[in-house]
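Using UniProt numbering, the first residue of the sequence shown is number 1, and each one after it goes up by one.
Reading through the structure tokens given below for one structure.
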Amino acid sequence: MGELYRLPNPKDTEREASDWIARMNADDVTPDDRARFEAWLRAHPCNVKAYADLKATWNELVKTGPLVRAVYFGQAMNAATTRQAQSSRWLAGVLAATVAAVVLSTVWSFYKQQADTRFQTAVGEQVAVTLPDGSSFNLNTNSRVDVDYSPGSRVIYLERGEAYFNVAHDAGRPFWVHAGDRWVRAVGTAFNVYLRPAGVQVTVSEGTVKVVDAGGGKLPPSDASYAKSAAAVTAGEQADARGSADVIRALNTAELNRSLAWRQKSLYFHDEPLGNVVNELMRYTPLTIEVVDDSLRELPVGGTFQTSPEGAEALLKMLEDGFGARIRRPGADHVYIEAVTE
Numbered sequence: 001m002g003e004l005y006r007l008p009n010p011k012d013t014e015r016e017a018s019d020w021i022a023r024m025n026a027d028d029v030t031p032d033d034r035a036r037f038e039a040w041l042r043a044h045p046c047n048v049k050a051y052a053d054l055k056a057t058w059n060e061l062v063k064t065g066p067l068v069r070a071v072y073f074g075q076a077m078n079a080a081t082t083r084q085a086q087s088s089r090w091l092a093g094v095l096a097a098t099v100a101a102v103v104l105s106t107v108w109s110f111y112k113q114q115a116d117t118r119f120q121t122a123v124g125e126q127v128a129v130t131l132p133d134g135s136s137f138n139l140n141t142n143s144r145v146d147v148d149y150s151p152g153s154r155v156i157y158l159e160r161g162e163a164y165f166n167v168a169h170d171a172g173r174p175f176w177v178h179a180g181d182r183w184v185r186a187v188g189t190a191f192n193v194y195l196r197p198a199g200v201q202v203t204v205s206e207g208t209v210k211v212v213d214a215g216g217g218k219l220p221p222s223d224a225s226y227a228k229s230a231a232a233v234t235a236g237e238q239a240d241a242r243g244s245a246d247v248i249r250a251l252n253t254a255e256l257n258r259s260l261a262w263r264q265k266s267l268y269f270h271d272e273p274l275g276n277v278v279n280e281l282m283r284y285t286p287l288t289i290e291v292v293d294d295s296l297r298e299l300p301v302g303g304t305f306q307t308s309p310e311g312a313e314a315l316l317k318m319l320e321d322g323f324g325a326r327i328r329r330p331g332a333d334h335v336y337i338e339a340v341t342e
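Set out below in structure tokens:
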């Protein structure tokens, strides 16, 4: 499945980032402090962004007034050599801590409300991400999402590709996914969203979701507006949203399993036209594969293939050995599938 990502709790990130701002600007910062700080940064992308935003604000604060440093009060007092200096530096420390607390609090409020966390995968890569409330999603090949998570909202923007969501139940905080021209709303369920060139495909494995026309909006619709036009998709159903229409159909167990098989790094096909099989496998390889002949494009194909470049190569070998097709490679990244003519 690739790397496992866990989104930190925003409150914990706020506290840790503030602590590191203070520690790294202290007079007695040590090599061990720096090593632990670097390890904290590497622990999660959220830490890097949070610290960078806070550090930028801190630098602006330093530029606009006398040099203030985030130091412990005791250190400021011990460093003073006279009573007057001691008093002066203690007051500076109080001022620094007070101003920094106000500024950092403001920045973090803005950060938690506005900043999105982006996750994306390369061709053939898959990752899993866990949110602080226990909700999670698996991101398929060549996909990208922006996560807007806060105590008041759970919103995922699927900008490209495909993701499977497992949503922790929270009736007071609906889980929204924006993909193409649709919003998908869930409270506690499991479902798959695939953003395709032809539209949005939603497959539900547990519970019920509501599919709503986004109407060009980037904010989730209100409860009143979505309730009027939402299409309900329940477990075992799949919705194809194209333009103004939502076509919902029931899947049998085998069809449902095939639709979600990519999470086990496999693709299953049963008498599927070769053109469709090629289009799916191309998502997992840098190769461009073209089926030259119409008769081959409609050829029914079945089998199990890996969600990787090896899977595409296995298909090409099967066509060449089992169906007598000609596989022509004019370059390293292009393949033509041709029928053999006598």
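Cβ coordinates follow ideal geometry from the N, Cα and C atoms, glycine included.
None of the values given here were measured: they were computed from a predicted structure.
contact_flag[the stretch 158-178, the stretch 237-253] where n(CB pairs < 8 Å) is 3 or more: no
Supposed contact pair Val187 and Leu158 - C-beta distance, whole angstroms, cut 8 Å: Their Cβ separation, rounded to whole angstroms, is 19 Å, which puts Leu158 and Val187 out of contact at 8 Å.
Any beta strand (DSSP E) of 3 or more consecutive residues that is wholly inside the stretch 279-341: 288-291, 300-306, 326-331, 334-338
Cβ shell of Pro220 (< 7 Å), same chain only, five flanking positions each side left out: Val155, Trp176, Trp183
For Phe269 and Leu131, the rounded distance between their alpha carbons: 33 Å
Beta-carbon separation (whole angstroms), Val277 vs Leu315, contact threshold 8 Å: 7 Å
Spatial neighbours of Val200 in its chain, beta-carbon cut-off 6 Å, leaving aside the 5 residues before and after: Ala179, Gly180, Arg182, Ala241
7 Å Cβ shell around Asp246 - same chain, five flanking residues per side excluded: Val211, Ala231, Ala239
Tyr157 - partner residues in DSSP beta bridges: Asp146, His178
CB of Thr203 within 8 Å of CB of Leu260, strictly: yes
Beta carbon proximity, Ala35 to chain C, threshold 8 Å: Absent here is chain C; the protein component of the structure consists of one chain.
Three-state class that DSSP yields for Val94 in the structure shown: The pLDDT assigned to Val94 is 43, lower than 50, so where the model puts this residue is not dependable, and the model offers no usable value.
Proximity to Thr285 [Cα-Cα], best of Arg34, Glu255, Cys46, Ala122: Ala122
Buried versus exposed call for Val193 [16 or more other C-beta atoms within 10 Å across all chains shown]: buried
Residue environment, Val233, which counts as buried when at least 16 other CB atoms sit within 10 Å: buried
DSSP-derived helix/strand/coil call for Asn138: strand
Length of the line joining the Cα atoms of Ser135 and Asp146: 15 Å
Arg118 versus His44 - alpha carbon distance: 12 Å
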